[in-house]
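Heads up: the sequence shown begins at 8 in this note's numbering, then just goes up one per residue. Ideal Cβ placement from N, Cα and C applies to all residues, glycine included. Quick caveat, the model's predicted, so the values are computed rather than measured. Read the structure below first, then the notes.
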Amino acid sequence: MTATVIDGKAFAAKVRAQVAAHVARLKEENGITPGLAVVLVGEDPASQVYVRNKGVQTHEAGMNSFEHKLSADTSEPDLLALIATLNADPAVHGILVQLPLPKHLDSDLVINSINPAKDVDGFHISNVGLLGTGQKSMVPCTPLGCLMMLRDHHGSLAGMNAVVVGRSNIVGKPMAQLLLGDSCTVTIAHSRTKDLAEVCRRADILVAAVGRPEMVPGDWVKPGATVIDVGINRIEKDGKVKLVGDVHYESAAAVAGAITPVPGGVGPMTIACLLANTLTACCRANGLAEPEGLTA
Ligand code: NDP
């Protein structure tokens with residue numbers, strides 16, 4: 008079997024176009040422009056690239072982008088004061104604090120100071136609780152993107168066996184909650200899981216969010232399964248830097264029914280879902296109908 012390639016790049020472009028069309032309608036019919044504030048503390052090169060991309064795509068979707076670049080030695084009270092200002096600003100519907108923060112700043116404290124209704128990353132403890140109890144919340148962007156691709160590929164996910172490898176707060180756990188919400192039978196695996204290969208072989212849906220290059224080989228994949236590879240790892244191959252996932256793509260694609268590539272799979276969906284979450288937050292803040300198909 009050769010797997011169907013789930014094209015995250017094309018799907019993300021579709022999501023962004025859907026967001027842009029809804030934003031245009033909001034402007035025309037309601038005179039409202041959604042706004043996303045991104046806060047970057049320090050000069051981490053990867054974070055700077057992410058923030059720049061977010062700004063560009065926010066503008067392209069017709070939204071306002073407010074970038075706040077703070078020096079690496081910014082004090083916690085100063086950062087909290089900025090977030091309080093953004094919480095109170097009616098032009099700001101989404102707030103994202105780029106992680107990781109410098110070590111002297113308490114990430115949990117900072118994230119939990121964001122108004123949960125504006126927490127477009129879905130990391131605030133209130134949103135975590137709302138998602139866990141099946142209530143309306145802001146959903147973390149990467150797992151939301153994975154869910155959208157799975158729904159698009161399968162339609163209903165009800166009754167499918169899903170295995171999520173990785174239990175981080177930003178990917179693994181919310182991914183498992185979302186799959187449970189769609190009535191999958193969910194197993195969460197991690198570094199202490201016994202017989203991981205055997206656990207993975209039971210999955211109709213296998214999500215790898217581990218951070219270990221090409222860790223999941225094809226013989227861990229059930230024939231016909233759908234494989235979602237969240238991993239983004241830079242490795243050196245033949246003297247060149249190459250981007251690979253947590254799944255060994257060639258061997259897995261030979262067995263799976265469908266698979267996301269790296270790059271061009273889950274990655275592009277993350278920013279698309281950030282835009283979708285900002286639009287959703289804006290609609291909720293204004294008591295308007297939420298965009299269809301862009302929330303969990
Ligand atoms: P974390 O490091 O926070 O979590 C990794 C998880 O993998 C942990 O739960 C860990 O288990 C588990 N793990 C580690 N080694 C093994 C192993 N040998 N066997 C089984 N489980 C293992 O990573 P993240 O969740 O933040 O990210 C995961 C990957 O996804 C990374 O490659 C990251 O770059 C990528 N990513 C991609 C995004 C995108 O936009 N596409 C966005 C976010 C992340 P334990 O808890 O027991 O330590």
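Integer-rounded CB distance, given that residue j should sit under 8 Å from residue i
i    : j    : result
L77  : L87  : In fact, because the Cβ distance is near 12 Å, the residues do not count as touching under 8 Å.
V170 : M182 : That pair is no contact at about 11 Å.
G238 : Q184 : Actually they are not in contact, since the Cβ atoms of G238 and Q184 sit about 20 Å apart, beyond 8 Å.
D236 : D253 : 6 Å
A260 : T9   : 7 Å
Residue i - DSSP class collapsed to helix/strand/coil
i    : result
S258 : helix
G287 : Reading the sequence as shown, one finds Thr at residue 287 and not Gly. T287: helix per DSSP, three-state reduction.
V54  : This sequence places Ser at residue 54; Val is not what is there. In the structure shown, S54 sits in a helix (DSSP, three-state: H, G or I).
G101 : strand
S354 : Outside the shown range of the chain (8 to 303) lies residue 354, about which nothing can therefore be said.
H29  : helix
V178 : coil
D159 : helix
N60  : helix
T302 : coil
E297 : coil
A215 : strand
Continuous alpha helix (DSSP H) stretch holding residue i: start and end
i    : result
I132 : 132–139
L164 : Taken as a continuous stretch (DSSP letters only), L164 belongs to no alpha helix (DSSP H), as it is neither H nor E.
Sequence-distant residues of the same chain with beta carbon closer than 6 Å to residue i, five excluded per side
i    : result
H197 : R174
V248 : R241
G231 : G264
G129 : M145, V146, P147
A290 : The residue you asked about is not Ala; residue 290 is Cys in the sequence shown. Only E297 meet the Cβ criterion.
V26  : A68, L282, A283, L286
E74  : V45, G62
L93  : A44, V99, I102
Through-space distance from residue j to residue i, alpha-carbon basis
i    : j    : result
R32  : V262 : 44 Å
A210 : T200 : 15 Å
L282 : D202 : 39 Å
A165 : L47  : 39 Å
C280 : D14  : 15 Å
T65  : G274 : 16 Å
L295 : I278 : 23 Å
C207 : L213 : 7 Å
L112 : Q105 : 12 Å
D189 : V178 : 17 Å
E205 : P123 : 39 Å
Spatial neighbours of residue i in its chain, beta-carbon cut-off 7 Å, leaving aside the 5 residues before and after
i    : result
A98  : G42, N71
G108 : The question names Gly, but residue 108 in the sequence shown is Leu. These residues qualify, in order along the chain: V48, S114, V117.
L187 : V193
Where the beta strand (DSSP E) through residue i begins and ends
i    : result
V146 : Counting along the chain, V146 falls outside any beta strand (DSSP E), and DSSP gives it neither H nor E.
R241 : 240–244
D85  : From DSSP, D85 is part of no beta strand (DSSP E) but of the alpha helix (DSSP H) over 83–95.
L203 : Premise fails: L203 lies in the alpha helix (DSSP H), 203–208, not in any beta strand (DSSP E).
I195 : 192–196
Neighbour flag for residue i against chain D, beta carbons, 7 Å
i   : result
V12 : As a matter of chain content, chain D is missing from the structure shown, which is built from one protein chain.
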